[in-house]
Structures are given as C-alpha cells and as structure tokens.
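Peer 1: What follows is a structure written as structure tokens; I'll ask about it next.
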Amino acid sequence: MGEETASPLTPEETAPDGTPPDPAVRIARLRVFGRRALVIALLLLVAAGGVFAGLIVYEHPARALLRDGVHVSGKVLWFDDLRGAQAIRVSYDVGGEPSYATIPVTSGRRYIVGGTLTVIYDPANPSRARTILEDRLDGRVSGLFWILGLFVLTFAGVSLVASVRWRRRHRAVLRTGWRPAVATVSPDYPVQSGRHLPDILVEYRDGSRAELRASMSCHGSTYLWHRPRRPAWVGGSGRDMVVLFSRGDRRRPYAVPAFDRKSGLDLG
0 MGEETASPLT
10 PEETAPDGTP
20 PDPAVRIARL
30 RVFGRRALVI
40 ALLLLVAAGG
50 VFAGLIVYEH
60 PARALLRDGV
70 HVSGKVLWFD
80 DLRGAQAIRV
90 SYDVGGEPSY
100 ATIPVTSGRR
110 YIVGGTLTVI
120 YDPANPSRAR
130 TILEDRLDGR
140 VSGLFWILGL
150 FVLTFAGVSL
160 VASVRWRRRH
170 RAVLRTGWRP
180 AVATVSPDYP
190 VQSGRHLPDI
200 LVEYRDGSRA
210 ELRASMSCHG
220 STYLWHRPRR
230 PAWVGGSGRD
240 MVVLFSRGDR
250 RRPYAVPAFD
260 RKSGLDLG
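First residue of the sequence shown? That's 0 in numbering that gives the first Met the number 0, and the numbers climb one at a time after it.
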C-alpha cells in the first residue's frame, strides 16, 4: 500500500506563503491560553482559601473553648468503647455543684473509669465541655477539609505552571513564526499503554523532519491520531513549541503544546 498523502490545504486554511489564516491572531491566541490558565489558577487559589477558611471556622469553637474555658479537674464515670463512636462520661464541679458531660473520644486514647483528667467547660454553658485531648471535633471532617484544600492547591499550582509555559510558547512562536508541515500523532498504545504522551511526527515542506512529543496540557492531541499526515503549522523551538492542527472545516486550528524530543522531558 502506498503512503497516505497530505490533504491539500484550502484557501480558507492557509495563506499563499504557507502560514495559517490570520497568523498574528493564532499567535495572540497562545497568550490568551496563558491568561486563561492564570485566571483559573487565581480562582483556584481563592477556592483553596475558602476551604481553609471553612476549616478554621469549623475548628474555632473547640480552640476558643480550650483558650477561654474554665479548666477544672474531672473524673471519668464511664468509657464506652463498644460502639463505633467512642465516648466518655465525665463529672466536674461548676461553682461547687456537680456537672456532667458526655464527650466524644477522637484521640484514640483508652480511658480508665475512675481516672482523673482536666475538663474545660464554657462558663456560659457549663454542659458544653471538652478535655485537653478530646476537642469534640470529627477528625474525618477536618481531614476532608485538608484533602480538598490540598487538592485545589495542587491544581492551582498546575494552572500557574501552565500559564508560564503558554507565555513562553507565545514568545517562542513570535520569534520563529509558523512553518507549514504535515503532522502525524502517534499515541503510546496499545502495546506500551500510557508510558508517555503522544509523539507528533512532523514533516516540513522543505522535506526536513522533526520528532516532537506533546506536552502535558488540557490541549491534548490523542484524539487526532486517526488521521495521519494531517496539515499543520509548527511554531517555536526546543521545549517551547506549538503544533497548530488544521481541522479542515472552517473551525479555528487546534493548538497542541509540544517539545522537541531532543530537548528532553517537558512537564507543562
């Protein structure tokens, strides 16, 4: 079987000099990608701030009680460790009168009935009490706040890196302009499933070739694999490259960030 040839570019798809339609606009779009990633990063940082603010609000009553409550000596009346939610019943004096409270056990400590411990109660509501270790907080809720906050922060960091990388690609393409080519996307499957992002094999009009690899980005190239030797334009150099794939249907070309495999691994 003969090698599949590139589909000819229509007048709407390319200029006489081989550049994509509105080349300056296509370059400016790269800057838009960077700004969009920056906005997403800032929004995620605000969201992370909201998550950690929620954690502070959730933990504040227990911390305030520890700081401002009345500290007295108390006695363990019973320790319930048979059910999933452990608890202790304690007695303590409030103004010379006995008072009682049931406090959830979240520290994992095993208490001895009849043992003494420090009880901190709210002078405005003596039945609201805690101990030094048992803060009446559900550790699962606090853990959920932390996991969610760190998850959002991680994605904010990824978006910040993406913003910086798109700005670098924009500057690189400004220096080099666009070179017409045909490009074939070669995903790393099914034999070596997912070992790396897709390779992009490029052949320029002058007959020279380049082996690129897609960078980690939401502008993925895997879905383009089914059409080899797709018309494209390539801009930038080294680790800061962009492959602009023609979609042949009057839609805007699709930009995929990439790097020259000779320049090493690229993570953003």
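Where a beta carbon is used, it is the ideal one built from N, C-alpha and C, also for glycine. Only a predicted model underlies this, so the values are computations on that prediction, with no experimental measurement involved.
Under the three-state reduction of DSSP, which class applies to arginine 174: helix, strand or coil?
Peer 2: Arginine 174 falls in the helix class under three-state DSSP.
Peer 1: Does the beta-carbon of proline 125 have 16 or more other beta-carbons within 10 angstroms, so that it is buried, or is it exposed?
Peer 2: Flag for proline 125 reads buried.
Peer 1: Measuring CB to CB, does glycine 234 end up less than 8 Å from valine 241?
Peer 2: For glycine 234 and valine 241, yes; Cβs fall inside 8 Å.
Peer 1: DSSP on leucine 277, reduced to helix/strand/coil?
Peer 2: Lying before the first or after the last residue shown, residue 277 is absent from the chain, which here runs from 0 to 267.
Peer 1: Assign isoleucine 102 to one of three DSSP states: helix, strand, or coil.
Peer 2: Three-state result, isoleucine 102: strand.
Peer 1: Buried or exposed: which applies to aspartate 134, given that a residue is buried once 16 or more other Cβ atoms fall within 10 Å of its Cβ?
Peer 2: Buried, since its Cβ has 16 or more Cβ neighbours within 10 Å.
Peer 1: If distances are taken between C-alpha atoms only, which option among Arg228, Ile87 and Pro60 comes closest to valine 184?
Peer 2: With distances taken between Cα atoms, valine 184 lies closest to Arg228.
Peer 1: Counting Cβ pairs closer than 8 Å, one from the stretch 34-49 and one from the stretch 153-169, do we hit at least three?
Peer 2: Yes, the stretch 34-49 is in contact with the stretch 153-169.
Peer 1: Which same chain residues, not among the five before or five after histidine 70, have their C-beta less than 8 Å away from its C-beta?
Peer 2: Here the set comprises Thr117, Val118 and Ile119.
Peer 1: Is it buried or exposed for glycine 32, if we count other Cβ within 10 angstroms and need 16 for buried?
Peer 2: First, the residue type needs correcting, since residue 32 is phenylalanine and not glycine in the sequence shown. Buried.
Peer 1: In whole angstroms, what is the alpha-carbon distance linking tyrosine 99 and arginine 88?
Peer 2: One C-alpha to the other measures close to 7 Å.
Peer 1: Excluding the five sequence neighbours on either side, which residues of its own chain have a C-beta within less than 7 Å of the C-beta of leucine 223, listed in chain order?
Peer 2: Here the set comprises Val184, Arg229 and Phe244.
Peer 1: Cβ of phenylalanine 244 less than 8 Å from any chain D Cβ?
Peer 2: Considering every chain present, this structure includes no chain D. It has just one protein chain.
Peer 1: Which residue marks the beginning of the beta strand (DSSP E) containing methionine 215, and which one marks its end?
Peer 2: Here methionine 215 belongs to no beta strand (DSSP E), and DSSP marks it neither H nor E.
Peer 1: Do leucine 200 and alanine 182 have their C-beta atoms within less than 8 Å of each other?
Peer 2: Result yes, Cβ atoms of leucine 200 and alanine 182 sit closer than 8 Å.
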